[in-house]
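Under full-length UniProt numbering, the residue at position 99 of the sequence shown is numbered 99, and the numbers go up by one with no gaps.
Even glycine gets a Cβ: it sits at the ideal position worked out from N, Cα and C.
Bear in mind that the values here come from a model prediction, so they are computed numbers and not experimental data.
Working notes, structure below.
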Amino acid sequence: MRITAVFFAYLFACLLLAALLTYPLMQTGWLDYPPQRVMGRLAQVFILLGLWPFLKALRLDNWPALGFGLPRRAFVATIWRGWLIGVAILLALIAALLWLQVRVPDLPEQDLYAKLASRVLSALVAGLLIGLLEESFFRGALFGAVRQRNGVRAAIVWSALLYALLHFMKPHGLPADMAFDWSGTWTMFSGVFVDVFQWRHLSSMVALFMVGVFLALVRERTGHIGWGIGLHAGWVFVIQVSRRLTDDNDAASLAFLVGDYDGIIGWLAAAWVGLLALLYWRFSRPR
């Protein structure tokens with residue numbers, strides 16, 4: 001747990017630095033974006049800028065430790081194979097949600113093919129970037145650091161837990177009657193840690209935890225994060241495209257099967273990914 005706390009402290013410091021700079025930066029008038037978006041983007045920039053020095057301080061500044069211990073051509077090949085499998089896994093989930101009428105088709109009336117092509121391209125790029133960055137951090141650096149010190153079970157649990165929690169630790173907008181000043185800035189900052197404990201997030205958080213467990217098991221079995229990057233990218237791709245082509249159906253009797261995070265992951269996704277994780281661990285062998 002100690003090394004996990006170190007990683008959390010690093011993320012906390014990046015968010016704190018972002019909070020300190022958001023208000024002065026917004027006062028310049030250079031940015032025409034909501035302050036919560038500026039704070040979130042600044043935190044991401046600081047995480048990226050400080051990541052290599054942080055990893056170097058932990059003696060994790062080498063490719064095998066981060067899960068890149070494959071020749072480049074083989075690594076890229078596993079990413080694309082993982083992407084295809086990830087797409088298939090999430091398409092099965094989307095098909096089930098459509099069959100249960102938890103989500104319903106919502107196709108654009110005009111320029112369907114042009115809008116779909118644009119969404120497919122942006123979802124492909126976004127999925128690969130998110131998969132690369134998140135897998136490098138969670139299943140690469142964090143998993144490797146915890147496994148080295150506390151063993152594989154601790155690495156699976158803590159990397160998956162931190163991964164799930166951080167999806168809900170995002171700055172949100174202020175109430176309409178609150179001005180964005182230093183007081184509003186700190187209200188926004190503290191809200192990051194309050195909102196994560198809302199009961200409405202439970203199903204989505206459990207689903208993301210199971211996703212983290214599955215990806216950690218793949219990391220353990222294969223010894224690298226290539227498959228994880230591909231799986232992750234494929235999931236993001238399907239989610240982003242399906243959100244453009246389908247809509248929530250709150251009137252469905254089984255609407256509780258999806259959570260409020262993105263309208264797709266929830267109890268059904270948790271059960272589906274959990275089953276796949278169990279089957280994968282049971283029938284796969286270390287390489």
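Exercise for the section: Leaving out five residues on either side along the sequence, give the residues of the same chain with a beta carbon under 8 Å from the beta carbon of residue 144. Expected result: Taken in chain order, the residues that qualify are 60, 65, 66, 67 and 155.
Problem - 8 Å Cβ cutoff met for residue 284 and residue 219 - result: At least 8 Å separates the beta-carbon of residue 284 from that of residue 219.
Handout entry: 4 or more residues per run - each alpha helix (DSSP H) lying fully within the region 156-211
Key = If we require 4 residues or more, the alpha helix (DSSP H) runs fully inside the region 156-211 come out as 182-195.
Problem - Residues that DSSP places opposite residue 246 in a beta bridge - result: Residue 246 pairs with 105.
Problem - Rounded separation between residue 279 and residue 273 - CA only - result: Taking the straight line joining both Cα atoms gives about 10 Å.
Handout entry: Contacts around residue 224, its chain only, beta-carbon distance under 8 Å, and the 5 residues preceding and following it disregarded
Key = Excluding sequence neighbours, residue 224 sits near 67, 68, 69, 70, 75 and 78.
Exercise for the section: Label residue 197 either buried or exposed according to how many other C-beta atoms from any shown protein chain fall within 10 Å of its C-beta, with 16 as the threshold for buried. Expected result: Its Cβ having fewer than 16 others within 10 Å, residue 197 is exposed.
Exercise for the section: Taking 8 Å as the threshold, find out whether the region 93-108 comes into contact with the region 136-143 through three or more Cβ pairs. Expected result: Judged by Cβ distances under 8 Å, the region 93-108 makes no contact with the region 136-143, as fewer than three pairs qualify.
Exercise for the section: Note down the Cα distance separating residue 53 from residue 134, rounded to an integer number of angstroms. Expected result: Distance between the alpha carbons of residue 53 and residue 134: 17 Å.
Problem - Integer Cβ distance of residue 231 from residue 215, believed to fall under 8 Å - result: By a beta-carbon distance limit of 8 Å, residue 231 contacts residue 215. Their separation comes to about 7 Å.
Practice task
For residue 286, collect the residues of the same chain with a Cβ closer than 6 Å to its Cβ; drop the 5 residues on either side in sequence, then sort them by chain order.
Solution key: For residue 286, where only same-chain residues beyond five positions count, the Cβ hits under 6 Å are 221.
Practice task
Could you spell out the range, first to last residue, of the alpha helix (DSSP H) harbouring residue 273?
Solution key: 267-283 is the span of the alpha helix (DSSP H), which, as asked, contains residue 273.
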